[in-house]
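Letter by letter, the sequence shown follows residues 261 to 342 in this note's numbering. A virtual CB, placed ideally from N, CA and C, is assigned to each residue, including glycine. These numbers were taken from a predicted model, which means no experiment stands behind them. Heads up, the thing below is written out as structure tokens.
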Amino acid sequence: MQTVLVVISKGGSGKTTIASNLASLFAASHLKTALMDYDPQGSSLHWNQLREQGDSPAIHMVDASHFKVGVTRTFQLRIPHN
């Protein structure tokens, strides 16, 4: 499994755009793709909801900005095996 991390502390620098486009490229290349959105604004999650309305390959989304009480963070951020 390969991991790509896009991190910059400055807001408005294009992290979401870069991460979303990379995820789309990987999914279109028939790679199992997951995208974790740590931004409470949830732009990547919204983008993927709109994207799913077409014929685009699936991207597994993880809302990493909100955590459920009583469930470990590791479990919430897990990537499915399939």
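In the structure shown, A287 adopts helical secondary structure according to DSSP, grouped into three states. Under the 8 Å Cβ criterion, the segment 311–323 does not count as touching the segment 262–277, having fewer than three qualifying pairs. Residue pairing by DSSP puts D323 in a beta bridge opposite D297. Counting the other Cβ atoms within 10 Å of the Cβ of T293 gives 16 or more, which makes it buried.
Looking only at A324, G330, F286, V329, the smallest Cα-Cα distance to L337 is reached by A324. With a 10 Å radius around the Cβ and a threshold of 16 neighbouring Cβ atoms, T276 comes out buried.
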